[in-house]
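Okay, structure first, notes after.
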Amino acid sequence: MDECLKDTFMECEVKRCIHVGLLCVQQFAEDRPIMSSVLFILGTDGVVLPEPKEPGFFIGRGSTPEGSVTSPSPVSERNTISLTDLEAR
10 MDECLKDTFM ECEVKRCIHV GLLCVQQFAE DRPIMSSVLF ILGTDGVVLP
60 EPKEPGFFIG RGSTPEGSVT SPSPVSERNT ISLTDLEAR
């Protein structure tokens, strides 16, 4: 967290919010909590949270999406751009 915010938050609350966020972006919908559970978790102290599973979309540093191949672009395509339009589930 930014030093200028150090006295404006409780670390355990920030960690809980991040943990719940990770639960909400798990790859499979059946693994994600329903909204009423999210509200309960955020509003109740002492709730034991499950470990989040793999998120639905993640590309680590230096990795490429599974099945994709990267190769150097020809000089004529060096100044091109591609856009990906993501849709909600």
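With my numbering as the guide, the letters of the sequence shown map in order to residues 10 to 98. Using N, Cα and C, we set each Cβ at its ideal position, and we do this for glycine too.
The criterion of a C-beta distance shorter than 8 Å is not satisfied by residue 31 and residue 42. Note on geometry: alpha-carbon atoms of residue 90 and residue 44 lie some 37 Å from one another. Looking at the DSSP output, residue 64 sits in a beta bridge with 35.
Between the C-alpha atoms of residue 20 and residue 57 there is a straight-line separation of about 17 Å.
With distances taken between CA atoms, residue 22 lies nearest to 53 out of 98, 53, 66. CA-to-CA, the gap between residue 36 and residue 61 works out to about 10 Å.
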